[in-house]
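What follows is a short report on a single structure.
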Amino acid sequence: MYKIELNKRQQKIVEIVKDHGPITGEHIADQLDLTRATLRPDLAILTMAGYLDARPRVGYFYTGKTGSQLLTEKIKKIKVAEFTSMPVVVQESSTVYEAICTMFLEDVGALYIINKNGHLVGVVSRKDLLRASMGKQEINTIPINIIMTRMPNITYCYKDDFLLDIAHILIDKQIDGLPVVKKSQNENGLEVVGRITKTNITKALVELAHDEIL
């Protein structure tokens, strides 16, 4: 796991706060023989990174957390909305052939099936479409709603859900992704507003790690 790399001055600031906190920015600056303005960016970085905690009229505290602990806390706070991809939807009146073409052109692992009101009614995966295309079935005429997984047997999530919770769901259910939905304002039902996949979660971890080593 990557750790935040602090420069020598930032490391010295952490040591001072750890030994003398709570301590004001002015007193930290005095110990380092620097001006408060010079020190301000370092204090802001250390506070935002979680090494220090600042309280008005009191000063800076050392949080006692390691770089690994801080990174773990950041991971736990990431929400689905930050890494949602555009969903790929098809109408429930579409045929299996049309769904296969859409999946191929969009290069996705699942399609979300909606009704005429735009509400989520089903999901089909690559395996579903592959199974339907085997044999001598007329995929040009078979409606997609014949082979889809129907509501309420669809697992979905909301933008405000935590990404780590969704990762656990994907692992437990051994699936590649979930539709991100919101409740319809006018009628009972769920509108598909995005998708979250294993690829999205991997991207989140890579970006977070990249930020930590900059």
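Residue 204 in full-length UniProt numbering sits at position 204 of the sequence shown; the count goes up by one each step and never skips. Built from N, CA and C at the ideal position, the CB exists for glycine as well. Just so we're clear, the structure is a prediction, and the values are computed from it rather than from any experiment.
For residue i, the nearest candidate out of the options (CA to CA)
i           : options                       : result
residue 227 : Lys79, Tyr62, Ala37, Ile146   : Because the chain is modelled from 1 through 214, residue 227 falls outside the range shown and cannot be assessed.
Lys182      : Arg195, Asp172, Asp176        : Arg195
Val90       : Thr84, Leu105, Gly59, Gln137  : Leu105
Lys127      : Tyr62, Ile139, Ala110, Gly135 : Ala110
residue 230 : Asn140, Leu170, Tyr158        : Any answer about residue 230 is impossible in this case: the structure gives the chain only from 1 up to 214.
Leu170      : Val17, Ile201, Leu190, Lys74  : Ile201
Whole-number beta carbon distance between residue j and residue i, since they are thought to touch under 8 Å
i      : j      : result
Val192 : Ile114 : 7 Å
Thr197 : Asp176 : 6 Å
Pairwise C-alpha distance: residue j and residue i
i      : j      : result
Lys3   : Thr72  : Note on Lys3: pLDDT 49, under 50, position unreliable in the model; the coordinate value appears next. Taking the straight line joining both Cα atoms gives about 11 Å.
Arg55  : Glu92  : 56 Å
Ile168 : Thr35  : One point to set straight first is that residue 168 is His, not Ile, in the sequence displayed. Approximately 48 Å, taken between the alpha carbons.
Gly64  : Pro87  : 42 Å
Asp172 : Met151 : 19 Å
Gly50  : Val206 : 20 Å
Asn145 : Lys136 : 19 Å
Tyr97  : Tyr112 : 15 Å
Asp42  : Ile166 : 35 Å
Gln174 : Glu138 : 30 Å
Same chain, Cβ closer than 8 Å to residue i, five either side skipped, listed in chain order
i      : result
Ile154 : Leu120, Gly122, Val123, Pro179
Lys77  : Phe162
Glu187 : Asn117, His119
Thr84  : Lys159, Val180, Val193, Gly194, Arg195, Ile196, Asn200
Lys203 : Phe83
Cβ-based neighbour list, residue i, same chain, cut-off 7 Å, excluding 5 preceding and 5 following
i     : result
Leu46 : Gln10, Ile13, Val14, Leu52
Distance cut-off 6 Å: residue i Cβ against heavy atoms of the ligand NAD
i     : result
Met86 : Questions concerning the ligand NAD fall outside what the structure shown contains, since it holds no ligand whatsoever.
Neighbour-count burial assignment, residue i, 16 or more Cβ in a 10 Å radius
i      : result
Leu129 : buried
Ala37  : exposed
Asp107 : exposed
Val58  : exposed
Ser94  : buried
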